[in-house]
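In terms of our numbering, the sequence shown is numbered consecutively and its last residue is 266.
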Amino acid sequence: MARNGSDDATRRSTTGVEQVEGLLAYAQTQPRWGQGAVRNAMKAVSLSRELAARDPAEHTQLLVRSLRTTARLLLRRRRAEEALPLALEAVALARPARGAPLVTCLSTLAEVYEALQRFGDAAEAATEAAKAADPPD
130 MARNGSDDAT RRSTTGVEQV EGLLAYAQTQ PRWGQGAVRN AMKAVSLSRE LAARDPAEHT
190 QLLVRSLRTT ARLLLRRRRA EEALPLALEA VALARPARGA PLVTCLSTLA EVYEALQRFG
250 DAAEAATEAA KAADPPD
């Protein structure tokens, strides 16, 4: 099904995961100056929280992706203060899985800290991302 708007993502026949994916995809296509993108991304976070609460093993990574995507959208709109708690939560949830999800979350967190001019914290997050990206010997 082609996604033409946020209402397409929330049709009755659409599964919860499809709704979240659709909302995130649609949010990333919205103009930078509009509020619709953030609203849709926050709705995706809310839906993914519900899914993760019901089945953490199955949906925690979806929640991580929703949090990270929403943090990046807020960051692009110069709303770093609002992005910080989302980025921190994404890192906390991605930490047990390690690998690529953790690296991308730490990179996003570093960007948020940089936007907030917290350069020491940004360097720490970037260093941790680089270490997490290197496979163990």
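Ideal Cβ placement from N, Cα and C applies to all residues, glycine included.
On a predicted model such as this, the values are computed, not experimentally measured, just so you know.
7 Å CB neighbourhood of residue i in its chain, flanking five on each side removed
{"i": "residue 258", "result": "232, 235, 236, 239"}
{"i": "residue 172", "result": "152"}
Euclidean distance between Cα positions of residue i and residue j
{"i": "residue 146", "j": "residue 208", "result": "27 Å"}
{"i": "residue 151", "j": "residue 220", "result": "23 Å"}
{"i": "residue 261", "j": "residue 228", "result": "7 Å"}
{"i": "residue 251", "j": "residue 187", "result": "31 Å"}
{"i": "residue 90", "j": "residue 158", "result": "Any property of residue 90 remains undetermined from this structure, which presents the chain solely from 130 to 266."}
{"i": "residue 191", "j": "residue 177", "result": "6 Å"}
{"i": "residue 244", "j": "residue 168", "result": "22 Å"}
{"i": "residue 185", "j": "residue 179", "result": "10 Å"}
{"i": "residue 249", "j": "residue 255", "result": "10 Å"}
{"i": "residue 253", "j": "residue 183", "result": "34 Å"}
{"i": "residue 174", "j": "residue 218", "result": "11 Å"}
{"i": "residue 170", "j": "residue 144", "result": "17 Å"}
Collapsed DSSP secondary structure at residue i in the structure displayed
{"i": "residue 132", "result": "Confidence in residue 132 is poor, its pLDDT being 45 and thus under 50, which makes the residue's placement unreliable; the coordinate value appears in the next sentence. Three-state result, residue 132: coil."}
{"i": "residue 250", "result": "helix"}
{"i": "residue 144", "result": "coil"}
{"i": "residue 111", "result": "Here the chain has residues from 130 to 266 only, and residue 111 is not among them."}
{"i": "residue 229", "result": "helix"}
{"i": "residue 176", "result": "helix"}
{"i": "residue 158", "result": "coil"}
{"i": "residue 208", "result": "coil"}
{"i": "residue 194", "result": "helix"}
Closer than 6 Å: residue i CB and nearest the ligand MN heavy atom
{"i": "residue 219", "result": "As for the ligand MN, it is missing from this structure, which has no ligand bound."}
CB-CB length for residue i against residue j, believed under 8 Å
{"i": "residue 212", "j": "residue 193", "result": "The Cβ separation is near 15 Å, so there is no contact."}
{"i": "residue 204", "j": "residue 149", "result": "With a Cβ gap of about 20 Å, residue 204 and residue 149 do not count as contacting."}
Own chain residues within Cβ distance below 6 Å of residue i, not counting five before or after
{"i": "residue 166", "result": "156, 159, 202"}
{"i": "residue 215", "result": "196, 199, 200"}
{"i": "residue 181", "result": "188, 189, 192"}
Close Cβ partners of residue i (< 8 Å) along its chain, the five nearest in sequence each way excluded
{"i": "residue 210", "result": "245"}
Check whether the stretch 194-202 touches the stretch 232-240, taking contact to mean three or more Cβ pairs, one atom from each stretch, closer than 8 Å. yes
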